[in-house]
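Taking the numbering used here, the leading residue of the sequence shown gets 104, the next gets one more, and so forth.
We put the beta carbon where it would ideally sit given N, CA and C, even for glycine.
Everything numeric in this text was worked out from a predicted model, so none of it was measured.
First the structure, in the form of structure tokens, and then the observations on it.
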Amino acid sequence: MQVSFSRAHQAQIYRHGECCYPEECCGLLLGRVITQANGAPPSGSLQDRHWQVLEVQPTENCWGDVEEFQQDSNQGSKLYYFAIDPKVLLSAQKDCRRRSLSIIGIFHSHPHSQPVPSEFDRAIAWPEYVYLIAAGKDGKFSTSRSWYLNEAGNFLEVDSTLLL
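Here's what the structure looks like:
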């Protein structure tokens, strides 16, 4: 399994994290899922899966701001949780369909911990997507790792390839 994206995409994700600090940032990874050099669609084998990021779409962290995500004060804050407005997801899906792209993943930051999925991340993850988590120190983001939730509900690390 592999995800590829450009250094410009990585810088865009890090900038979004820095702008949202100390809260978690989030956004969408748009592109294509391919498995073979000939661009064939994914087979059943996870090892063949390759997420090719063509665009990064930063979004607002709407945790607690959207009716679907109304939380009481005991359920955390944007410092440790994120949510993407369902209306934003729907709009992005329609735009992707029009341009022959797909939402292939979600990115978010862990501004106060390592780029490793939390239990919350596991609870909201969908097996179709790749999940990129950015992390850093004191609001400066410098590392990321990518993950895939398998059918058994376990995150597997995905190799990340930076393109020019």
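| Query | Result |
| --- | --- |
| What's the C-alpha gap between residue 175 and residue 165? | Model confidence at residue 175 stands at a pLDDT of 49, short of 50, so the residue's coordinates are unreliable; what they give is reported in the following sentence. One C-alpha to the other measures close to 14 Å. |
| Count the other CB atoms within 10 Å of the CB of residue 125; is the residue buried (16 or more) or exposed (fewer)? | exposed |
| Please say whether residue 238 and residue 221 have beta carbons closer to each other than 8 Å? | no |
| Decide if residue 127 is buried, meaning its Cβ has at least 16 other Cβ atoms within 10 Å, or exposed. | buried |
| Does the Cβ-Cβ distance between residue 265 and residue 152 come in under 8 Å? | no |
| Does residue 246 pass the burial test, meaning 16 or more other C-beta atoms within 10 Å, or should it be called exposed? | exposed |
| On a Cα-Cα basis, can you pick out the residue from 224, 204, 242 and 163 that is closest to residue 214? | 242 |
| If residue 268 sits next to residue 252, beta carbons under 8 Å apart, how far is it from one beta carbon to the other, in whole angstroms? | Because the chain spans 104 through 267 in this model, residue 268 falls outside it and cannot be assessed. |
| Looking at residue 163: is its Cβ nearer than 8 Å to the Cβ of residue 188? | yes |
| Does DSSP classify residue 185 as helix, strand or coil? | coil |
| Can you find the residues in the same chain that come closer than 7 Å, C-beta to C-beta, to residue 217, ignoring five residues on each side of it along the sequence? | 238 |
| Who are the near neighbours of residue 135 in its chain, counting only those whose CB is closer than 6 Å to its CB and skipping five residues on each side? | 155 |
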